[in-house]
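Residue numbers (the numbering used here), protein chains in the order written: chain A, 699 to 1034; chain B, 699 to 1034.
Protein chains: 2
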Amino acid sequence: MVTSKDIAKEAGVSTMTVSNVINGNHQKVSAKNIELINELIKKYHYVPNLSARSLSSKSTKIIGVLVPLEGDYNFFKDPYLSELIGVIEYAIRKKGYFAMIRSVSTVSDISELVKNWNMDGAIFLLPHYDNILHKIISKNNLPLVSLDSYSDYKDVLNVGINDYKGGYIATKFLINKGHKKIAFAGPTKENVVKERFNGYKDALADSGIPYNDSIIYDVSPVYDLGLSIGKEISNRRGDITAVFATADIMGLGIIEGARLNGYAIPNDLSVIGFDNIEASIFSSPKLTTISQNITTKAECAIDLLTEKINNSTVKQNRYVLDVELIERQSVLQYNG
Amino acid sequence: MVTSKDIAKEAGVSTMTVSNVINGNHQKVSAKNIELINELIKKYHYVPNLSARSLSSKSTKIIGVLVPLEGDYNFFKDPYLSELIGVIEYAIRKKGYFAMIRSVSTVSDISELVKNWNMDGAIFLLPHYDNILHKIISKNNLPLVSLDSYSDYKDVLNVGINDYKGGYIATKFLINKGHKKIAFAGPTKENVVKERFNGYKDALADSGIPYNDSIIYDVSPVYDLGLSIGKEISNRRGDITAVFATADIMGLGIIEGARLNGYAIPNDLSVIGFDNIEASIFSSPKLTTISQNITTKAECAIDLLTEKINNSTVKQNRYVLDVELIERQSVLQYNG
DNA sequence: TGAACAAAGTTTATCGATAAACTAAACAAA
DNA sequence: TTTGTTTAGTTTATCGATAAACTTTGTTCA
């Protein structure tokens, strides 16, 4: 293994000079030595040892990407989370940090992980744990950004989307297409979905459509439950003409469930989703949905996090990104 | 930050004794001290610093999970890879190691990564790079297991499935259902697919069906290309009655492409896939496919890898796992 | 001319844990 | 009694890089 000592010896300088070159402290090294050392680094394929670096510098350049794990649930199977993790990893790498992607299930899991690796910061995709966690992590004095949640705990950075608007424009769109019997599918009390639900209710109210409790499906946003909802809706023949699913994957389930029961989509039932995952283009019909730009979201989150890591204070600790409606094929004009 | 020094001082012993307790060298410590130290560890939430540990012990407990990255391609969008990574991470964690999931694009990327982190071992999901890589890595003396490839380089551990059999039984199944005009879709020259292709050809030959070059679609196994193939097949009206897609995601594309062109699946065209990804159950019709148990595959690979890490020699350095056919709805009896 | 300062380094101590070599006490066997 | 062995530790050096403090030489300007 090639170490900085080897390079230093060959260059006839001290290891500190090598260290200064590597870390770009160029004002401390003559131009000649910079060039010489860089050449030797290339020649011997020298790569600094990160363990040693972290140990002495107290900065690991590791950003934890912490994702929920529940039982046997494998987050890589959830297309939204999966895509999101991919772009986050990329954003982290672009900033010169290392992503440590980990599924975590308990609070002590996280605590241990953070201490183990001495992470410089972390990004959370864990809306459920919110309050408990943030306290614990803040105790560790760990810069952290929480994605898709509405944490009020100070020191916690927030990056999310305008969920209220998403819920509002999705519902308004269905209303404008002539629908009045619009079902809602998603966990109405959960952090982000709560806001989408508020948007849904306000859009109905603004159009003078009475809110109807019996067409609210308050369930987790997964494919299987979408399937059941699709079947149930088609059994209620005409009771519901459109449905707003708070996750595309659930919307796809609803479409399939309804279809299995002899419903044609969008002729018999209009469906609008949320997230604009890749699969929403591949489905048939292609899903009309509320789009959030996850790349922008990830970059914004990582920018914010690295700013906090380096300065410890940030200008703004909450960012709300815009959403837009993408019209495809799963919603039809209703003339009932 | 709590260190082993703090624990040692409080317990009235040296740090080595603490270290011995942590690492389970119990024959070096009295029962009384073991208990005392364990209590203090719990009391102060002490977690050993991995950087320090790696630096002194030369063992990082990190296993690199190296995944291909091509341009903007995000592997988290590929459902097969995505699921596979999930189960690999889980298998690694169960063995007491840490997974470092990384997308890599160039050889120097990998070399740098491995050196940077001083990985104990790595698992490769990179069939394309095969030869070049294995040499480089073996130079670093890194235990590594290659998934889904047929590397002949010694020191490289191989875990894969019986691709030949998969290709054979998929094709035979279509033949038994009365099909004779069976297209093949997949990269015929690529490592694993080559074997599936051999199985395909042999199954045809064994049934006396002539091989037809004009119905081989030699393309990458992605959804979009599946779409085009589906469209093309439906344009060739009756020229092809069944297709063997070497990846489910491509099969789903073919189904959709054909359907967009007015073909009904499976009535007008039978489709069989490969991999048995989650989405193959969610599709409509549900996809008949060749199933590989990725959990078993991942566990086998990690078992093998950790064995090599600890013993440096292994009993057997190639494992070939079985495959089976899962019949769902996308293949129909043909009576032409 | 001399004080102040900048440039280009070096030296030393340290991060936290561990491997390897060493010690001391208790006991057994010859 | 002496030697050997086991148990339960401790001490010391080290992993590789870096922060902080220090040195040396050359330059500036009042």
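For every residue, glycine included, the Cβ atom is placed at its ideal position computed from N, Cα and C.
Within 10 Å of its beta-carbon, does LYS740 of chain A have 16 or more other beta-carbons around it, so buried, or fewer, so exposed?
For LYS740 of chain A, the number of other beta carbons within 10 angstroms of its own is below 16, and it is reported as exposed.
Neighbourhood of PRO777 of chain B by C-beta distance below 7 Å, restricted to the same chain and skipping five residues each side
So the list reads ILE947, ILE975, GLU976 and ALA977, once near-sequence residues are dropped.
Kindly indicate the opening and closing residues of the beta strand (DSSP E) around ALA883 of chain B.
Per DSSP, ALA883 of chain B is one residue of the beta strand (DSSP E) stretching across 880-883.
Quick check on LYS837 of chain B - is its C-beta less than 8 Å from some C-beta in chain A?
No, LYS837 of chain B does not count as interfacial toward chain A.
Along the alpha helix (DSSP H) that carries LEU925 of chain A, what are the first and last residues, could you check?
Where LEU925 of chain A is concerned, the enclosing alpha helix (DSSP H) stretches over 921-933.
Beta-carbon proximity list for PRO746 of chain B, same chain, < 8 Å, skipping 5 on both sides
Taking C-beta separations shorter than 8 Å and ignoring five residues to either side along the sequence, the partners of PRO746 of chain B in its chain run SER702 and ILE720, following chain order.
How far does the beta strand (DSSP E) with LEU855 of chain B in it reach, from first residue to last?
Secondary structure note for LEU855 of chain B: its beta strand (DSSP E) is the uninterrupted segment 854-859.
Taking Cβ positions, are TYR848 of chain B and HIS832 of chain B nearer each other than 8 Å?
Cβ distance not < 8 Å, so TYR848 of chain B and HIS832 of chain B don't count as in contact.
Under a CB-based cut-off of 8 Å, is SER752 of chain A close to chain B?
Contact with chain B is found for SER752 of chain A, since one of that chain's Cβ atoms lies less than 8 Å from the residue's Cβ.
Segments of 3+ residues assigned as beta strand (DSSP E) that fall wholly inside the segment 778-856 of chain A
Segments of the beta strand (DSSP E) lying fully in the segment 778-856 of chain A: 796-802, 819-822 and 842-845.
Please compile the residues from chain B whose C-beta is within a distance smaller than 9 Å of the C-beta of HIS743 of chain A.
Listed along the chain, the chain B residues whose CB falls inside 9 Å of the CB of HIS743 of chain A are SER806, SER809, GLU810 and LYS813.
Could you spell out where the alpha helix (DSSP H) holding GLU708 of chain A opens and where it closes?
For GLU708 of chain A, the uninterrupted alpha helix (DSSP H) run begins and ends at 702-709, by DSSP.
Counting only C-beta atoms, is GLY784 of chain B closer than 8 Å to chain A at any point?
Under the Cβ distance rule, GLY784 of chain B counts among the residues neighbouring chain A, one pair being separated by less than 8 Å.
How big is the Cα-Cα spacing for LEU842 of chain A and ILE761 of chain A?
Annotation: LEU842 of chain A to ILE761 of chain A spans about 9 Å, alpha carbon to alpha carbon.
Sort out for me which residues DSSP pairs THR987 of chain A with in a bridge.
A:GLY971 and A:ILE1024.
Applying the criterion that 16 or more other CB atoms from any shown protein chain within 10 Å of the CB defines a buried residue, is LEU958 of chain B buried or exposed?
So LEU958 of chain B ends up on the exposed side.
For SER749 of chain B and SER712 of chain B, the rounded distance between their alpha carbons:
Taking the Cα positions, SER712 of chain B is about 20 Å away from SER749 of chain B.
Ordered along the chain, which non-local residues of its own chain (more than five positions away) have a Cβ less than 6 Å from that of LEU1030 of chain B?
Once the five neighbours on either side are set aside, the close Cβ partners of LEU1030 of chain B are PRO964 and SER968.
Could you check whether the segment 855-863 of chain B touches the segment 1005-1021 of chain B, counting it as contact only if at least three pairs of C-beta atoms, one from each stretch, sit closer than 8 Å?
With a cut-off of 8 Å, the segment 1005-1021 of chain B and the segment 855-863 of chain B count as touching, because enough Cβ pairs lie within range.
Could you give the distance in angstroms between the alpha-carbon of GLY819 of chain A and the alpha-carbon of ILE1007 of chain A?
C-alpha of GLY819 of chain A to C-alpha of ILE1007 of chain A: approximately 7 Å in a straight line.
ILE808 of chain B versus LYS775 of chain B: straight-line alpha-carbon distance, rounded:
Computed Cα separation, rounded: 21 Å.
Beta-carbon proximity check, PHE822 of chain B vs LEU779 of chain B, cutoff 8 Å
It is not a contact, given that the beta carbons lie outside the stated cut-off.
Starting from ARG1016 of chain B, follow its DSSP beta bridges and name the residues at the other end.
DSSP, once it has assigned bridges, lists B:ASN856 as partnering ARG1016 of chain B.
Neighbourhood of TYR909 of chain A by C-beta, 8 Å cutoff - its chain only, sequence neighbours within 5 removed:
The residues LYS899, LEU902 and ALA903, in chain order, have a CB closer than 8 Å to that of TYR909 of chain A in the same chain once the five nearest residues on each side in sequence are set aside.
Within its chain, find whatever has a CB closer than 6 Å to the CB of VAL700 of chain A; leave out the 5 residues flanking it on each side and keep chain order.
Same-chain partners within the cutoff: TYR742 and TYR744.
Would a check of beta-carbon distances place LEU923 of chain A closer than 8 Å to chain B?
Not closer than 8 Å to any Cβ of chain B, the Cβ of LEU923 of chain A fails to qualify, so no.
Output yes or no for whether 8 Å exceeds the beta carbon distance between GLY691 of chain B and ALA943 of chain B.
Because chain B is modelled from 699 through 1034, residue 691 of chain B falls outside the range shown and cannot be assessed.
Per-residue DSSP class, three states only, for TYR744 of chain A
Coil.
Considering only residues of the same chain and omitting the five flanking positions on each side of ILE953 of chain B, which have a CB-CB separation below 6 Å?
The residues are ILE963 and VAL969.
In whole angstroms, what separates the C-alpha of ILE931 of chain A from that of ALA883 of chain A?
If I take the Cα positions, the gap works out to 11 Å.
Check whether the Cβ atoms of VAL668 of chain B and ALA706 of chain B sit closer than 8 Å, and answer yes or no.
Since the first and last residues shown for chain B are 699 and 1034, residue 668 of chain B lies out of range.
How far does the alpha helix (DSSP H) with ILE1007 of chain B in it extend, from its first residue to its last?
Looking at the DSSP string, the run of the alpha helix (DSSP H) that includes ILE1007 of chain B is 992-1009.
Cβ neighbours of GLY936 of chain A in the same chain (closer than 6 Å, five flanking residues each side left out):
Taking GLY936 of chain A as the centre and dropping the five residues before and after it, the same chain places no C-beta closer than 6 Å to its C-beta.
Since ALA940 of chain A is in the beta strand (DSSP E), which residue starts that stretch and which ends it?
Here the beta strand (DSSP E) through ALA940 of chain A covers 940-943.
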